[in-house]
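Notes for the one structure printed next.
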Amino acid sequence: MNDLVSYLFKTSAVEVCPENKPFFLTSGVISPYFVNTQYVYGSKQESSDLLSTIDGLLSDRMNLPKQVFDRVLKQYESNEIFKNVINIMIDSIKNSVNINEIDYISGGERRDWFFSNIIAYLLNKPHITIFKDHETLVSNYDFSETSQLSDLTGKKILHVTDLVTSASSFTRFWVPAIRGLGGEMLATCYIVDRKQGGTELLANENIKTISLISVDVDLFKSACDLGIINEASLDMLKKFIDDPYKTMRDFLIAHPEFIEESLKATDPKTPGRIRNLLDNDLYNLKG
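Numbering (my numbering), first residue to last: 29 to 315.
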């Protein structure tokens, strides 16, 4: 586990804020940590480059699986962290399901493809590329052939993704696409469980969940033991996990300068998130 914790923090896949400088999330709330699981691909820049490649290929769907796979395979062969994370996923899958029962590996638009296609290759399984409009393509294990997929009757699928939060992408896109073709999503493997109800929802759908690590107190304790974060950060993270709303509300009350200082941020997304926090009084600061 320590190796995986180290990889997550080294690549900024999990990032803890500097003291008294929590992150603004898209919704306008603030958090002492941020998760971008896809950064275990190697780094933020390498991850962004691959996403840009994917975006450029979305209008050329038949060629997308092969071209993305080629990039990912090269990264697997050259980046030690990414290779080790993928190998940990492979071991977890083999320890959790009977590989002989799995007919296909699937991955959905877009970040799933960082992980699903290389795992299909290493397990010698055909890969299903799922788009958000439910279109599905099937490729052989080395992606030398890709075609439209029209029938999965009686077939069992293992879906691979980067993280699970509320599992809304599963319920809206991936599961309906598989079931609509007559297939069964037998299991799903993911690196990070955000502990926001998604794992429980998937279990209720009779989908076996294979999670490498959870965003919980144990994760941050391990990071503290490894010297990645300090005791003060660990204390705030413990409080936040126990009660996110109260912890961040108390912080804003104790640090009224935080919002004013944040308005000076160079990130163009931050002012809009601050306006959302203030206009909607997300922490009841006016009460």
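For each residue, glycine too, the CB sits at the ideal point set by N, CA and C.
- Query: Measuring CB to CB, does residue 32 end up less than 7 angstroms from residue 241?
  - Reply: Contact: yes.
- Message: If you reduce the DSSP assignment to three classes, tell me which class residue 47 lands in.
- Response: The answer is coil: DSSP assigns residue 47 none of H, G, I, E or B.
- Alpha carbon of residue 55 to alpha carbon of residue 129, nearest angstrom: Our two residues, residue 55 and residue 129, have alpha carbons roughly 41 angstroms apart in a direct line.
- Would you identify the three-state DSSP class for residue 250, choosing helix, strand or coil? If DSSP states are grouped into helix, strand and coil, residue 250 belongs with the helices.
- Message: How far does the beta strand (DSSP E) with residue 136 in it extend, from its first residue to its last?
- Response: Taken as a continuous stretch (DSSP letters only), the beta strand (DSSP E) holding residue 136 covers 132 to 136.
- So residue 189 packs on residue 135, CB below 8 angstroms; how close in whole Å? The beta-carbon separation of residue 189 and residue 135, rounded to 7 angstroms, stays under the 8 angstroms limit for a contact.
- Task: Could you name the residues of the same chain whose beta carbon sits closer than 6 angstroms to that of residue 194, not counting the 5 residues immediately before and after it, in chain order?
- Result: Here the set comprises 224, 225 and 226.
- Identify which residue in 232, 252, 222 and 204 has its Cα closest to the Cα of residue 244. The shortest C-alpha separation from residue 244 is found at 222.
- Message: Mapping the DSSP letters down to three states, classify residue 213 as helix, strand or coil.
- Response: In the three-state DSSP reduction, residue 213 falls in the strand class (E or B).
- Beta-carbon gap between residue 52 and residue 207 smaller than 7 angstroms: One thing to note: residue 52 has its Cβ no nearer than 7 angstroms to the Cβ of residue 207.
- Query: DSSP on residue 143, reduced to helix/strand/coil?
  - Reply: The answer is coil: DSSP assigns residue 143 none of H, G, I, E or B.
- Looking at the structure shown, is residue 40 part of a helix, part of a strand, or coil, going by DSSP? When DSSP states are grouped into helix, strand and coil, residue 40 belongs to the coil group.
- Item | Residue from 280, 239 and 228 whose Cα sits closest to the Cα of residue 57 | For residue 57, the nearest C-alpha among the options comes from 280.
- the stretch 115 to 127 in contact with the stretch 139 to 151 per 3-pair CB rule at 8 angstroms: Yes, the stretch 115 to 127 is in contact with the stretch 139 to 151.
- Buried or exposed: where does residue 90 fall if 16 or more other Cβ atoms within 10 Å of its Cβ makes it buried? Exposed, because fewer than 16 other Cβ atoms sit within 10 Å of the Cβ of residue 90.
- Beta-bridge partners of residue 174, as assigned by DSSP: In the DSSP assignment, residue 174 is bridged to 167.
- Message: Please classify residue 137 as buried or exposed, where buried requires at least 16 other C-beta atoms within 10 Å of its C-beta.
- Response: Counting Cβ neighbours within 10 Å, residue 137 comes out buried, since at least 16 surround it.
- Coil, strand or helix - residue 69 by DSSP: Helix at residue 69.
- Message: Taking 7 angstroms as the threshold (C-beta atoms), are residue 93 and residue 157 in contact?
- Response: Going by beta carbons, residue 157 and residue 93 fall inside the 7 angstroms limit.
- Message: So, for residue 181: in the same chain, excluding its five sequence neighbours on each side, which residues have a beta-carbon less than 6 angstroms away from its beta-carbon?
- Response: If you ignore the 5 residues before and after residue 181, its C-beta comes within less than 6 angstroms of the C-beta of 210, all in its own chain and listed in chain order.
- Item | Contact under 7 angstroms by Cβ, residue 69 with residue 110 | The Cβ atoms of residue 69 and residue 110 sit closer than 7 angstroms to each other.
- Just the Cα atoms here: how many angstroms apart are residue 77 and residue 99? Looking at the two C-alpha atoms, the distance is approximately 10 angstroms.
- Run of the alpha helix (DSSP H) containing residue 106, from where it starts to where it stops: Per DSSP, residue 106 is one residue of the alpha helix (DSSP H) stretching across 92 to 106.
- Which residues in the same chain as residue 299 place their Cβ atom closer than 7 angstroms to its Cβ, once the five residues preceding and following it in sequence are excluded? Excluding the 5 residues flanking it on each side, residue 299 has same chain C-beta neighbours closer than 7 angstroms at 291, in chain order.
- Query: Quick one, which of 250, 196, 126 and 96 has its alpha-carbon nearest residue 174's?
  - Reply: Nearest to residue 174 by alpha-carbon distance, out of 250, 196, 126 and 96, is 96.
- Task: Within the same chain, show all residues whose beta-carbon is closer than 6 angstroms to that of residue 44, passing over the 5 residues directly before and after it, in chain order.
- Result: The residues are 61, 257 and 261.
- Could you name each continuous alpha helix (DSSP H) segment of 4 residues or more that falls completely within the stretch 267 to 303, going from the start of the chain to the end? Counting whole runs of 4 or more residues, the stretch 267 to 303 contains the alpha helix (DSSP H) stretches 272 to 282 and 285 to 290.
- Task: Return the CA-CA distance between residue 283 and residue 220, expressed in angstroms with no decimal places.
- Result: Approximately 31 angstroms, taken between the alpha carbons.
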